[in-house]
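Numbering (the working numbering), first residue to last: 620 to 1065. Ideal placement from N, C-alpha and C gives every residue a C-beta, glycine not left out. Keep in mind that this is a model prediction, so the values were computed, not measured.
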Amino acid sequence: MNETPTLEMLDPASLTVDINVRKDAALTSDFIASIKEHGVMEPVIAHRKDDGTVHVLMGQRRTRAAVEAAREAIPVMIINSPEEAERIVTQVVENIHRAELTEADEADAYHQLSLIGVSAASIAKKTGRTKTTVESALKAKSTDTGTAALGKGYTVEEALILAEFEDDAGATEELESVIRGEADMLLHVTQQLRDKRDRAAALAAMTAELEAAGNTVVEAGYDGDSENARVSSLNRPDGEPAIDEDANAVAIITSYNGTHSTVPVIAGWKELGYTLRYGGYGTSSATKGPMSEEQKAERKTLIENNKLMQSATTVRREWVKNLLTGKQAPKGWQYFTVHAITHHSETASGYEGEVAAEMIGTKFEESTQWAWNPLRDHVAKTTARPEFALIALICAGYEKTIAKDSWRSPSQTHRDYLNQLVTWGYTASEVEQIIIDSDHKTEPAA
């Protein structure tokens, strides 16, 4: 028979906080100070085991803060166990199915269940949700940023994204602005921020490595006003072309495809008596003189759009992968595949097996074997859902033909592909839209 829960004042240091506590148990100084001044206002929930130990079910963070704040006692609601825990599970599950809950409400419910030791797999089984859905909600609830985002009415996906960038105030501000005004572009902006973060990390690592090797790393300009210039753009004081051995620094440059490399530089070239040779600022050999403002703008656009295209490729391929997890193939897939094979034959003959296999979620191990093709291996193993493998094959073929700078010379091939994805529900990025808008007469395959 269940006993009535009792409220007791207990020493927080005597309580046991189990391993399965919420992951956001990291305590801030402000939170500890508040507990020290005001105490624990809301009782923590716990149960007493047969050996007399009291295990905290809800309120682990408050308990830990109370210990840090040296509070002598906190209010603890003792419930019967394990029957009471099972009652909570049943109640939460009933609430999920009884009403139209928001994603924040469901995340809170899953969180309550996780606090009493119910695994994500068990929660999924009891609630009828997928394990991935439950795990995502619990992950969103495991950070202060994610919890706050859910409290604002954001979805679990949005909360996870904001939590990912919680240490970057500029990124979170941009993301919240996108969520409020252009939610359909959230995945693109998120991937752009990820790639930007990764490039910055790579640049920082490269800079540190160069400096550790004794190099002076500087920025090199593209005109005579720059204090630092590439060796290839200068003449020595005697009029002879400067050579790499004259360099006293290096500059890290980013190519059109986003990779970093170094060039030898002469820092303070004017004071050292060097003069401009021209023609060595990344322009063609036929171009004389420093880059014009228009050329600089064109180069900046080239580099930026190539970066955006790289980010869009990641989003686009992941979107196709999610599309192919459906129970039915997308509408019009038959014509899409036939059109591709007859009008763009390279899509059928030149696809990359790894990309295609990833698109249909096939698990495989990398291989160096000649002509290795995980999609072929997948098809050989099963006769199920062949239409999905065919769609993946065609999409992977198109993906192979799309380069980072395809936006510069849009082709009918790429227009057909992107238009079809948009017809199926994909939101094109701004740089992909350049390709789509290059020919307004094109109709997407139906």
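With a threshold of 16 other beta carbon atoms within 10 Å, Tyr1045 meets it and is buried. A contact between stretches requires three or more CB pairs, one per stretch, nearer than 8 Å, and the stretch 688 to 698 fails this requirement with the stretch 744 to 763.
Residue state for Leu734 is assigned as helix, using DSSP reduced to three classes. Scanning the stretch 902 to 961 from its first residue to its last, the whole alpha helix (DSSP H) runs of 4-plus residues come out as 912 to 942.
In this structure, Ala870 keeps its C-beta atom at 8 Å or more from the C-beta atom of Ala916. Taking C-beta separations shorter than 6 Å and ignoring five residues to either side along the sequence, the partners of Thr894 in its chain run Asn854, following chain order. Between Val882 and Asn847 a beta carbon distance of about 11 Å is seen, past the 8 Å cut, so the two are scored as non-contacting. When the five nearest sequence neighbours on each side are left out, no beta carbon in the same chain lies closer than 8 Å to the beta carbon of Ser1028. With a cut-off of 8 Å on Cβ pairs, the stretch 1021 to 1035 is in contact with the stretch 1049 to 1060, counting three or more such pairs. Exclusion of the five residues before and after Gly770 leaves Ala723 as the residues of its chain whose Cβ lies within less than 8 Å of its Cβ.
In the structure shown, the three-state DSSP call for His657 is helix.
In the three-state scheme derived from DSSP, where H, G and I count as helix and E and B as strand, Thr1032 is classed as helix. Under the 8 Å Cβ criterion, the stretch 967 to 981 counts as touching the stretch 933 to 946, having at least three qualifying pairs. Under the DSSP assignment, Val675 falls outside any alpha helix (DSSP H), being part of the beta strand (DSSP E) whose first and last residues are Val673 to Met677. Listed as beta-bridge partners of His879 by DSSP are Thr873.
In terms of CA proximity to Gly1016, His958 leads the group His958, Glu1051 and Val1041. The stretch 757 to 765 makes contact with the stretch 773 to 785, as at least three CB pairs between them are under 8 Å.
Taking 8 Å as the cut-off, the Cβ atoms of Gln1052 and Thr933 do not count as close.
Beta-bridge partners assigned by DSSP to Pro694: Met628. Beta-bridge partners assigned by DSSP to Val837: Ala870. For Asp1035, the number of other beta carbons within 10 angstroms of its own is at least 16, and it is reported as buried. The alpha-carbon separation between Leu806 and Gly800 amounts to approximately 14 Å. With respect to Val837, Ala886 sits close: the two C-beta atoms are nearer than 8 Å. For the pair Arg896 and Ser852, the CB atoms are nearer than the 8 Å cut-off. Around the beta carbon of Ser845, 16 or more other beta carbons lie within 10 angstroms, which makes this residue buried.
With a cutoff of 8 Å on beta-carbon distance, Met677 and Ile664 are scored as near each other. In the DSSP assignment, Val808 falls within the unbroken alpha helix (DSSP H) covering Leu805 to Ala831. Ranked by Cα distance from Thr623, the first of Ala632, Met804 and His666 is His666. Here DSSP, grouped into helix, strand and coil, assigns Asn854 to strand.
In this structure Arg681 does not touch Ile651 by the C-beta definition: roughly 10 Å separates them, more than the 8 Å allowed. Put simply, the backbone Cα of Met628 is about 41 Å away from that of Asp787. With 16 or more neighbouring CB atoms inside 10 Å of its own CB, Lys1023 falls in the buried class. Spatial neighbours of Met825 in its own chain (CB-CB distance under 7 Å, excluding positions within 5 residues in sequence) are listed in chain order as Ile871 and His879. The secondary-structure analysis by DSSP pairs Pro860 across a beta bridge with Asn854.
For the pair Leu734 and Ile742, the CB atoms are not nearer than the 8 Å cut-off.
For the set Ile862, Leu891 and Glu830, the Cα lying nearest the Cα of Pro856 is the one of Leu891.
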